[in-house]
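Residue numbers for the sequence shown follow the numbering used here, beginning at 10 and rising by one. Glycine included, each C-beta is placed from N, C-alpha and C at the ideal position. Working notes for the structure below.
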Amino acid sequence: MKLDKSIIRNLIKESLAQLLAEETMAEQEKNAVTAISNILIRLEKTNINAQDVLNAAKAAYEASKPDAESGTGGELPANRKEKKWSDADHDHQEEIAKEIEKENPGISKEKKMAFAGAQVNREKRKRKK
């Protein structure tokens, strides 16, 4: 499949629509604080030590983060599989990313690679059908 301008534009439109629909970081933080404070209020009413719960939650959070040296932690949920990409898939992602860079010179590398990766996954799903 040849990558043309219309495909790149559609990818960018889809991604921009998703980004615009998402909450801002400030809204997400405010919602998280509200949710956590509501949980703490409920814990207080049931005579459970909120500080112990917070410490346990922090420990569980820290354990779930990936360890830079060993690569452990940050495991995928049980209902999701890690996607296996071949070297050809990675090469194709790089090609798509270069095309996106030509169309949008100021785009960040993270967004460019995310768009390209999404396109590679779409193409892989189409091939499987």
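{"Check": "Give the DSSP-derived three-state secondary structure of Thr43 in the structure shown.", "Outcome": "helix"}
{"Check": "Do Lys14 and Glu112 have their CB atoms nearer than 8 Å?", "Outcome": "yes"}
{"Check": "Residues in the same chain with beta-carbon distance under 6 Å from Asn58, minus the five sequence neighbours each way, listed in chain order, please.", "Outcome": "none"}
{"Check": "With a threshold of 8 Å, are at least 3 pairs of Cβ atoms found where one atom belongs to the stretch 126-136 and the other to the stretch 94-110?", "Outcome": "yes"}
{"Check": "According to the neighbour-count rule (16 or more other Cβ atoms, all chains shown, within 10 Å of its Cβ), is Lys118 buried or exposed?", "Outcome": "exposed"}
{"Check": "For Asn64 and Leu52, what's the separation of their Cα atoms in angstroms?", "Outcome": "14 Å"}
{"Check": "Which class does Asp13 belong to by DSSP, given the choice of helix, strand or coil?", "Outcome": "coil"}
{"Check": "Please report the distance separating the alpha-carbon of Val42 from that of Ala35.", "Outcome": "11 Å"}
{"Check": "Using C-beta distances below 7 Å, list every residue in its chain close to Ile109, excluding the 5 sequence neighbours before and after it, in chain order.", "Outcome": "Ile17, Ile116, Lys121, Phe124 and Ala125"}
{"Check": "Taking Gly126 as part of the alpha helix (DSSP H), name the residues at either end of that continuous run.", "Outcome": "Lys118 to Lys137"}
{"Check": "At what residues does the alpha helix (DSSP H) containing Lys107 begin and finish?", "Outcome": "Asp96 to Glu112"}
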